[in-house]
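Chemist: Protein chains in written order, with the working numbering: chain A, 13 to 273; chain B, 16 to 330; chain C, 36 to 309.
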């Protein structure tokens with residue numbers, strides 16, 4: 013059974029359709045990278061899959077079930093989402109924030125129990141943020157904050173994890189840390205969908221890469237067949253230099269120097 | 016963190032008890048020999064009104080701040096308080112028997128405001144938080160002006176208009192309206208209890224609407240519920256007391272400084288602290304100047320020093 | 036207050052609006068922004084010179100037909116000026132800004148603001164002279180004085196509470212005309228010592244004052260509503276059913292020719308059977 017199945021998906025903001033007859037299959041246990049230029053539809057796709065947006069037509073299936081038929085809480089138990097922006101209007105403690113991830117399991121009048129607290133602790137431990145437990149969310153660094161938000165998604169105990177630009181504003185140390193965490197999650201059997209502007213990061217860790225351009229799937233294949241000079245040129249309009257990573261052999265791109273003539 | 020909770024609770028409960036005691040003990044009526052029982056009746060009713068008004072306004076303010084992820088939200092931001100005042104003032108100027116039913120008018124005014132703001136904020140069937148804030152602020156300005164217009168057209172004195180816009184607890188209850196108030200009080204407590212049961216959802220919503228959706232919160236339902244209950248509660252309170260500002264805005268912040276932002280503590284804390292602060296303001300308002308000052312003046316003067324004190328003690 | 040007389044003939048001008056009456060033979064065109072002055076004007080037989088008054092100028096009947104320059108509270112400057120008046124009657128503090136503007140335009144104005152009953156009598160005299168109706172004024176004042184002096188001094192002066200508004204409770208204070216009327220009618224305004232004209236009062240203060248008579252001067256509540264107010268049952272006025280509403284408020288607020296009627300009205304309420 014596929015983790016995510018999109019068939020005949022149509023969606024647009026306003027008059028024009030961005031996605032028209034879009035199809036995608038994400039197998040369980042995949043580590044899928046989603047790349048593409050600005051406006052390609054990456055974030056929109058994430059929102060369509062998670063139910064934040066409703067398609068005009070077509071179907072979204074999560075673990076074989078139609079998204080529309082699933083209740084909000086059930087979706088939240090299956091699918092964890094980490095959005096790009098996570099503003100906190102009020103200064104909750106880190107443990108309070110991660111405990112919010114247990115919401116799909118708690119009844120209205122139910123207080124968190126031992127299992128919930130354990131889930132929170134192990135989520136924090138997994139992202140190496142247990143020491144931040146009692147700190148305030150607005151007083152920690154950006155990288156630490158990203159890990160906390162990730163921990164919140166993990167506390168949902170989801171089978172699938174979707175992240176939107178999880179490493180964009182982070183230093184290379186944190187980027188590597190996040191990537192390693194995601195890899196570990198994937199090895200545990202979780203399906204990971206990783207939206208990124210960072211082609212190299214995606215190429216280094218993902219099992220498959222989906223290259224999006226204006227709502228169309230230009231390619232969806234192993235990194236070697238997606239990170240090619242021709243495809244990058246045709247989608248981004250930039251002529252890259254493609255090399256191989258010395259350790260893993262994965263394709264990596266380098267930008268040519270901008271020759272002003 | 017736990018250690019700081021207890022002194023906080025003790026503090027606000029003491030404040031409430033002290034204010035209540037003062038409210039009952041001190042007043043222009045003194046202890047007139049012939050009418051002692053009657054004066055106590057008046058004061059107890061005033062006490063009840065003050066507790067309900069202060070508690071409700073603070074709880075609604077706290078809930079709106081959570082829902083709208085905006086520390087500056089309060090019943091006035093949503094336009095509901097002004098709408099209620101408009102409804103109440105309309106019934107007042109429209110006629111004799113209508114005047115005794117200003118509460119119903121305020122209720123209706125709040126409801127109408129709610130529907131208008133809701134309709135304005137709807138985009139493609141969804142009600143966004145930004146839309147609510149924008150529509151609410153616009154309506155608030157509009158209705159405030161309309162209240163003044165209605166009062167002028169209705170040949171009301173400026174004094175009455177001021178008290179409608181700035182609030183007072185010196186309401187005289189007739190045999191009929193006392194029952195109305197009783198029903199309103201029950202409604203108020205029920206509404207606040209409902210908000211309390213939504214604590215977790217409010218916590219999550221304060222961290223972003225989209226994130227809340229992904230965490231399994233029905234944001235549409237929460238938004239609508241909070242909005243409707245807020246309108247009802249504020250409408251009812253304002254129709255009795257006029258528009259008392261500042262309480263809904265500042266009290267939740269004070270309580271958050273004491274207890275942290277979790278709504279399961281902020282909501283009950285806001286009720287207690289809001290009641291206490293409002294009663295204290297009322298004691299000052301009615302005893303400093305004969306006839307009493309409009310409440311909003313005093314709530315501002317009382318609230319700000321509290322705020323500054325707490326702010327500095329934490330820094 | 037400025038006082039000037041203008042009896043210069045003024046060319047007849049067509050003024051906009053309905054109900055306009057052509058200027059009287061003397062040529063004097065008068066605008067009255069004060070309902071009590073309007074009453075005086077008609078009472079001394081000078082109704083013919085009135086070319087404009089306010090929406091609230093409703094007594095006598097003839098006053099209703101005169102061109103309206105607006106509300107008593109907010110008269111329209113343009114309309115007033117368009118009538119080319121030779122004299123404008125207004126009062127303070129309502130018409131403060133208007134007064135300044137009219138002075139700027141060098142229009143003759145008279146500020147009418149009698150504070151008590153003797154001043155009201157004098158006002159009738161002054162207005163009558165301004166309009167060249169001294170004789171009529173004198174006889175009116177004389178008959179009013181006669182009636183006034185025939186009101187006996189009363190042995191008892193019951194405590195009176197005047198309610199101007201119910202939400203919030205508002206009463207008439209020391210500087211008001213109705214306070215004067217009450218005093219002459221043999222009553223004691225329980226809030227007569229207040230410095231404010233129309234102060235807001237705490238319900239407890241009313242309880243403490245324990246008035247014997249209540250006058251409801253607003254349409255918001257009926258006598259029954261007031262009597263059923265929580266905690267008010269012990270007040271003398273409530274216990275003995277001496278709450279009066281539906282009074283002709285114009286008699287009580289206008290310092291004009293009907294002041295004596297106002298006093299008589301109050302006296303009858305306060306001292307029934309005398």
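Note that beta-carbon positions come from the ideal geometry of N, C-alpha and C, so glycine has one too.
Listed from N- to C-terminal order along the chain, which residues in the region 212–244 of chain C have their beta-carbon within a distance smaller than 8 Å of any beta-carbon of chain B?
Modeler: Of all residues in the region 212–244 of chain C, 229, 231, 233, 234, 235, 236, 237, 238, 239, 240, 242 and 243 have a Cβ within less than 8 Å of some Cβ in chain B.
Chemist: Using the rule of at least 16 other Cβ atoms within 10 Å of the residue's Cβ for burial, across every protein chain shown, is residue 203(A) buried or exposed?
Modeler: Label assigned to residue 203(A): buried.
Chemist: Of all the CB atoms in chain B, is at least one closer than 7 Å to the CB of residue 264(C)?
Modeler: At least one chain B Cβ lies under 7 Å of residue 264(C).
Chemist: Report the partner residues of residue 73(A) according to the DSSP bridge assignment.
Modeler: According to DSSP, residue 73(A) bridges with 17(A) and 78(A).
Chemist: Can you check whether the C-beta of residue 231(B) is within less than 7 Å of a C-beta belonging to chain A?
Modeler: Chain A contact via Cβ: present.
Chemist: Going along the chain, which unbroken runs of the alpha helix (DSSP H) with 4 or more residues stay wholly within the region 162–199 of chain B?
Modeler: Counting whole runs of 4 or more residues, the region 162–199 of chain B contains the alpha helix (DSSP H) stretches 173–181.
Chemist: Can you list, in chain order, the residues of its chain with a C-beta nearer than 7 Å to that of residue 287(B)? Leave out the 5 residues immediately preceding and following it.
Modeler: Closer than 7 Å at Cβ, skipping near neighbours: 27, 28 and 31.
Chemist: With a threshold of 8 Å, are at least 3 pairs of Cβ atoms found where one atom belongs to the region 135–143 of chain A and the other to the region 187–202 of chain A?
Modeler: The answer is yes - the region 187–202 of chain A touches the region 135–143 of chain A, with three or more Cβ pairs under 8 Å.
Chemist: Would you say residue 228(B) lies against chain A (beta-carbon separation less than 7 Å)?
Modeler: It does; some Cβ of chain A falls within 7 Å.
Chemist: Would you list, in sequence order, the uninterrupted beta strand (DSSP E) runs of no fewer than 3 residues that lie entirely inside the region 58–142 of chain A?
Modeler: You should have 69–74 and 91–94.
Chemist: Would you kindly report the start and end of the unbroken beta strand (DSSP E) that includes residue 146(A)?
Modeler: Run containing residue 146(A): none; DSSP gives neither H nor E here.
Chemist: Contact defined as beta carbons within less than 8 Å: I believe residue 93(B) pairs with residue 221(B). What is the distance between those atoms, to the nearest angstrom?
Modeler: About 16 Å; that fails the 8 Å criterion.
Chemist: Quick check: the region 161–179 of chain A against the region 57–65 of chain A, are at least 3 beta-carbon pairs closer than 8 Å?
Modeler: In short, these stretches touch, since the Cβ pair count reaches three.
Chemist: Excluding the 5 residues flanking residue 103(B) on each side, which residues of the same chain have their C-beta closer than 6 Å to its C-beta?
Modeler: Correct list, in chain order: 117, 120, 121 and 254.
Chemist: Tell me whether residue 115(A) is buried or exposed, calling it buried when 16 or more other Cβ atoms sit within 10 Å of its Cβ.
Modeler: Buried, because 16 or more other Cβ atoms sit within 10 Å of the Cβ of residue 115(A).
Chemist: Does residue 311(C) get closer than 7 Å to chain B when you measure Cβ to Cβ?
Modeler: Since the first residue of chain C shown is 36 and the last is 309, residue 311(C) is not available in this structure.
Chemist: Write down the C-beta distance between residue 278(C) and residue 258(C) rounded to the nearest angstrom, noting that I regard them as a contact closer than 8 Å.
Modeler: Confirmed, about 5 Å.
Chemist: With a cut-off of 7 Å, does the C-beta of residue 276(B) fall near any C-beta of chain A?
Modeler: Yes, residue 276(B) counts as interfacial toward chain A.
Chemist: Please report the straight-line C-alpha distance between residue 52(A) and residue 223(A), rounded to a whole angstrom.
Modeler: Each residue's Cα considered, the two are about 9 Å apart.
Chemist: Is the beta carbon of residue 200(B) closer than 7 Å to that of residue 312(B)?
Modeler: No. Outside cutoff.
Chemist: Distance check for residue 243(A) and residue 266(A), CA to CA, integer angstroms please.
Modeler: Residue 266(A) and residue 243(A): Cα-Cα distance of roughly 14 Å.
Chemist: Tell whether a beta-carbon distance below 7 Å holds between residue 265(B) and residue 318(B).
Modeler: Yes.
Chemist: Please state whether DSSP places residue 60(C) in a helix, a strand or coil.
Modeler: Residue placement at residue 60(C) is flagged as unreliable, the pLDDT there being 41, under the threshold of 50; a coordinate-derived value is accordingly withheld.
Chemist: Look at the alpha carbon of residue 22(B) and the alpha carbon of residue 150(C), and state the distance between them as a whole number of angstroms.
Modeler: Going by the C-alpha atoms only, they are around 59 Å apart.
Chemist: Based on Cα-Cα distance, which residue from 189(A), 160(A), 118(A) and 33(A) lies nearest to residue 216(B)?
Modeler: Ranking the options by Cα distance to residue 216(B), first place goes to 118(A).
Chemist: Would you list the residues sitting across from residue 232(A) in a DSSP beta bridge?
Modeler: Answer is 222(A).
Chemist: Using a Cβ-Cβ cut-off of less than 9 Å, list which residues of the region 85–98 of chain A approach chain B; keep chain order.
Modeler: If the cut-off is 9 Å between Cβ atoms, the region 85–98 of chain A has 85, 86, 87, 88, 89, 91, 92, 93, 94, 95, 97 and 98 near chain B.
Chemist: Just mark residue 87(B) as buried or exposed, buried being the case when its beta carbon has 16 or more other beta carbons within 10 Å.
Modeler: It is exposed - the Cβ of residue 87(B) has fewer than 16 other Cβ atoms within 10 Å.
Chemist: In whole angstroms, give me the CA-to-CA distance for residue 29(A) and residue 67(A).
Modeler: Going from the Cα of residue 29(A) to the Cα of residue 67(A) covers about 10 Å.
Chemist: Strictly by DSSP, which residues pair up with residue 181(C)?
Modeler: DSSP output for residue 181(C) lists no bridge partner at all.
Chemist: Give me the DSSP bridge partner(s) of residue 110(C).
Modeler: Beta-bridge pairing links residue 110(C) to 105(C).
Chemist: Going by DSSP, what residues sit across from residue 224(C) in a beta bridge?
Modeler: BP columns for residue 224(C) point to 195(C).
Chemist: With contact counted as at least three CB pairs below 8 Å, one residue from each stretch, are the region 299–309 of chain C and the region 219–230 of chain C in contact?
Modeler: Contact between the region 299–309 of chain C and the region 219–230 of chain C is present, because at least three Cβ pairs lie under 8 Å.
Chemist: Which residues bound the alpha helix (DSSP H) around residue 203(A)?
Modeler: No alpha helix (DSSP H) contains residue 203(A), which is instead part of the beta strand (DSSP E) from 203–207.
Chemist: Can you tell me whether residue 25(A) is helix, strand or coil according to DSSP?
Modeler: Three-state DSSP puts residue 25(A) in coil, outside helix and strand.
Chemist: Within 10 Å of its beta-carbon, does residue 324(B) have 16 or more other beta-carbons around it, so buried, or fewer, so exposed?
Modeler: The residue in question, residue 324(B), is exposed, as its Cβ has fewer than 16 Cβ neighbours within 10 Å.
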